[in-house]
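Numbers 135 to 410, taken from the numbering used here, label the letters of the sequence shown in order.
Step one of this worksheet: look at the structure below.
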Amino acid sequence: MTAILLPPYMLSGILSLKIQYLIAKLWLIGCCRLCALRVKVSGAPETANPVLYIANHVSYLDILILGRLLDASFVAKAEVAKWPLFGFLAKLARTMFIDRVSLRAAEHRDRMARRLANKNMILFPEGTSTDGQNLAPFKTALFAAAMPGPGKATGNVSGNVAVQPVSIAYTRYADGRKLVGDLLDCYAWYGDMDMAPHLMKVFSLDGAEVEVCFHNPVKAAAFDSRKDLAAYCEKVIAGEIRRAHGVAQNEESKSSEPSAAEDMDGSGDILVPSGA
C-alpha cells in the first residue's frame, strides 16, 4: 500500500497540498484497516480556532488513529524520525521533531507557537508511550506554546489557541475480551519493546476496539500558567482512561449482555455514537 501511495503523495506535494492531504488520509485509513482497528469516537474535534490537541500515548498506532481523525501535524521526539517507515512518513506529514536537550526547550516552544498561529498540532505530553492503563506525568514545557503573551519568547502572541484533551483507550479484542495484561500489550507499545515484532503481531491479530474521546476544549488564556493547563488536561484524560477500562471490566462480568466489540469486522471503521 505504501509503495502504491507514496509516489503520488510526493508528487502531489508539488502540485496541491489538498491532494497530498487526501492521499495521506487514504494511507491512514488503509493502515487502520490493515491493523483491524475499530475506532469508537465520542465528542468532536474542535475546529473553530487553531487547536493544540493533547493526547495520552499508548502506541505508534495512536499516530494512525489521530492522523486519520484530525487535520493536524504531530509534535514528536527526534528519535521518531529514525523509525523504519513511520519516521519517513512522519517527515512527509510535516511532523515537528524535538529533542530532549533542556537548553533547546525555548526554541521548541517558539517553533510550536509560530505554527499554532494558523495550524493545528497534536502533542503527546507524556514524552513516551505507556501500558495503556496508566499515564506518565505530563511534561509541561511545550504547553507554553499555547499560552498568550506579548511575543514569541513567552508563547502564542494572540492567545486564541484552543486546547483540547483527547483520550485514547484500547479496550476490547475482536472477540469481546477486555484488553488487559498480555493482550493489551499486543497493542500498547512501550518500554523496551521492539517495533518490528510488535507490528507483525498486530498484523496477525483479529483486531481491537479503540475508544477515542474528544473532551471539551478550553482556552489556554483561561489558565494562570502552563502547569495549570497541563494539570487540567492530565486530570481529564486520566479520568477517561480509568472510565474506559473500568467500563470494560464491569461489562465483562455481564455475560448476558452483548459486548461493544462483538460486531467487529476489522474494517477500521469509525463508530460515532448517536447524540455524541
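The beta-carbon is built from N, C-alpha and C at its ideal position, and this holds for glycine as well.
Secondary structure at residue 370: helix, using DSSP grouped into helix, strand and coil. Its Cα nearest to that of residue 201, the residue 159 stands out among 268, 217 and 159.
In the three-state DSSP reduction, residue 246 falls in the helix class (H, G or I). Per DSSP, the beta-bridge partners of residue 345 are 174 and 303. A distance below 8 Å between beta-carbons, with the five flanking residues on each side excluded, links residue 323 to the following residues of its chain, in chain order: 192, 193, 194, 195, 263, 329 and 332. In this model, residue 312 and residue 380 are separated by some 10 Å (Cα to Cα).
In the structure shown, the three-state DSSP call for residue 331 is helix. Excluding sequence positions up to five before and after residue 208, its CB lies within less than 6 Å of the CB of 229 and 256, all in the same chain and listed in chain order.
With fewer than three CB-CB distances shorter than 8 Å, the segment 236-248 does not count as touching the segment 333-345. Excluding sequence positions up to five before and after residue 232, its CB lies within less than 6 Å of the CB of 242, all in the same chain and listed in chain order. Non-local beta-carbon contacts of residue 364 in its own chain, meaning distances under 6 Å to residues more than five positions away in sequence, involve 272, 274 and 277 in chain order. Of the candidates 349, 306 and 172, the residue whose Cα lies closest to the Cα of residue 185 is 349.
For the pair residue 374 and residue 347, the Cα-to-Cα distance works out to about 8 Å.
DSSP places residue 204 in no alpha helix (DSSP H); its state is neither H nor E.
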